[in-house]
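Quick notes on the structure that follows.
Residue numbers (my numbering): 19 to 328.
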């Protein structure tokens with residue numbers, strides 16, 4: 019499981035290869051600007067065009083969500099590229115040439131050429147090189163940050179994740195947007211506090227309270243969301259709280275991007291001891307992915323991003 023989750027770090031870096039795909043597109047309408055840099059709709063169109071064709075018509079609401087998901091990835095790509103252009107390590111042209119030859123060999127093995135790849139991804143060769151350069155630059159930057167000392171520290175701080183400890187969690191959720199009025203948030207907190215008092219007093223079980231009040235698809239199952247790992251599976255605030263709880267205890271109110279939660283841990287699996295050396299690849303992948311997420315959060319907080327599509 020750790021290997022599968024850690025691969026998110028490798029896959030996430032592929033957003034750097036989504037890059038400027040607009041050269042062959044016709045839609046010059048601006049989808050967004052990131053610190054003054056334009057993202058044309060043609061880039062979104064190009065990425066969506068690489069998807070497998072749908073067997074049935076896609077509802078408009080789903081099409082809209084897909085466009086925004088792609089745009090979000092493109093915004094991340096721009097932010098990382100802008101950051102690396104200013105603070106990233108330099109990349110040797112020879113290394114880019116080497117990776118382009120690797121790509122050519124991969125295409126040749128599939129009976130294709132670089133030109134075929136460009137047509138399929140709707141990029142020019144120059145854009146492919148730039149995307150490759152961005153990927154190499156980020157890899158070099160990440161390697162600089164992931165020193166042995168930092169990786170060992172990260173391993174110890176997240177030992178339960180690498181030891182494959184899991185906890186089974188049930189929750190009661192009241193969904194509240196982050197920009198909701200203070201009175202609405204307070205009402206939700208009051209409701210959850212009342213429910214907690216009733217559960218602790220034995221007037222109602224946690225499962226029944228979840229069935230009746232939780233605003234989550236897990237409600238019919240008594241709020242049970244199954245076993246979770248310490249990272250990647252649920253909101254970090256929820257995971258952090260759950261892993262700090264004793265079995266059957268009821269948490270204080272936990273705030274996440276989805277709203278307010280009450281948690282109950284119903285089971286816990288034992289740790290599977292592992293040495294740092296044996297876990298080094300998973301540790302590095304997870305460290306780099308978490309670093310990327312934190313960097314993007316920081317860049318987004320400071321950036322001027324204007325979205326031009328609805």
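The beta carbon of each residue, even a glycine, is placed where N, CA and C say it ideally should be. All figures in this text were calculated on a predicted structure; none of them were measured in a lab.
For residue i, the three-state DSSP class (helix, strand or coil)
| i | result |
| --- | --- |
| residue 138 | helix |
| residue 309 | helix |
| residue 327 | coil |
| residue 58 | strand |
| residue 260 | helix |
| residue 39 | Interpretation of residue 39 is limited by its pLDDT of 46, a score under 50 that renders its predicted location unreliable; no figure is taken from the coordinates. |
| residue 193 | strand |
| residue 320 | helix |
| residue 132 | helix |
| residue 238 | helix |
| residue 149 | helix |
| residue 298 | helix |
Bridge partner(s) assigned by DSSP for residue i
| i | result |
| --- | --- |
| residue 157 | The partner list for residue 157 (beta bridge, DSSP) is empty, contrary to what the question assumes. |
| residue 282 | 188 and 268 |
| residue 244 | 187 |
| residue 274 | 277 |
Alpha-carbon spacing of residue i relative to residue j, whole angstroms
| i | j | result |
| --- | --- | --- |
| residue 153 | residue 239 | 43 Å |
| residue 90 | residue 126 | 33 Å |
| residue 234 | residue 201 | 22 Å |
| residue 141 | residue 148 | 10 Å |
| residue 53 | residue 322 | 5 Å |
| residue 146 | residue 136 | 8 Å |
| residue 194 | residue 157 | 38 Å |
| residue 166 | residue 275 | 33 Å |
| residue 278 | residue 116 | 50 Å |
| residue 175 | residue 271 | 24 Å |
| residue 49 | residue 150 | 24 Å |
| residue 294 | residue 258 | 22 Å |
| residue 100 | residue 81 | 29 Å |
| residue 309 | residue 248 | 16 Å |
| residue 128 | residue 138 | 13 Å |
| residue 329 | residue 197 | A query on residue 329 cannot be resolved here, the shown segment of the chain reaching from 19 to 328 and no further. |
Bounding residues of the alpha helix (DSSP H) (the contiguous stretch that carries residue i)
| i | result |
| --- | --- |
| residue 86 | 78 to 105 |
| residue 177 | 177 to 180 |
| residue 111 | 111 to 127 |
| residue 207 | 200 to 218 |
| residue 224 | 224 to 231 |
Segment limits, beta strand (DSSP E) that includes residue i
| i | result |
| --- | --- |
| residue 51 | 48 to 52 |
Residue i CB to nearest heavy atom of the ligand COA below 7 Å
| i | result |
| --- | --- |
| residue 290 | Absence of the ligand COA from the depicted structure is noted, as is the absence of any ligand whatsoever, leaving it without description. |
(message) Does the contact criterion of 3 or more C-beta pairs under 8 Å hold for the segment 185 to 198 versus the segment 279 to 292?
(response) Yes, the segment 185 to 198 touches the segment 279 to 292.
(message) Taking 8 Å as the cut-off, does the segment 209 to 219 touch the segment 237 to 254 (at least 3 CB pairs, one atom from each stretch)?
(response) Here the segment 237 to 254 does not lie against the segment 209 to 219, with fewer than 3 beta-carbon pairs under 8 Å apart.
(request) State whether the segment 295 to 309 contacts the segment 167 to 176, with contact taken as three or more CB pairs (one from each stretch) at a distance under 8 Å. (result) Contact holds: three or more Cβ-Cβ distances are below 8 Å.
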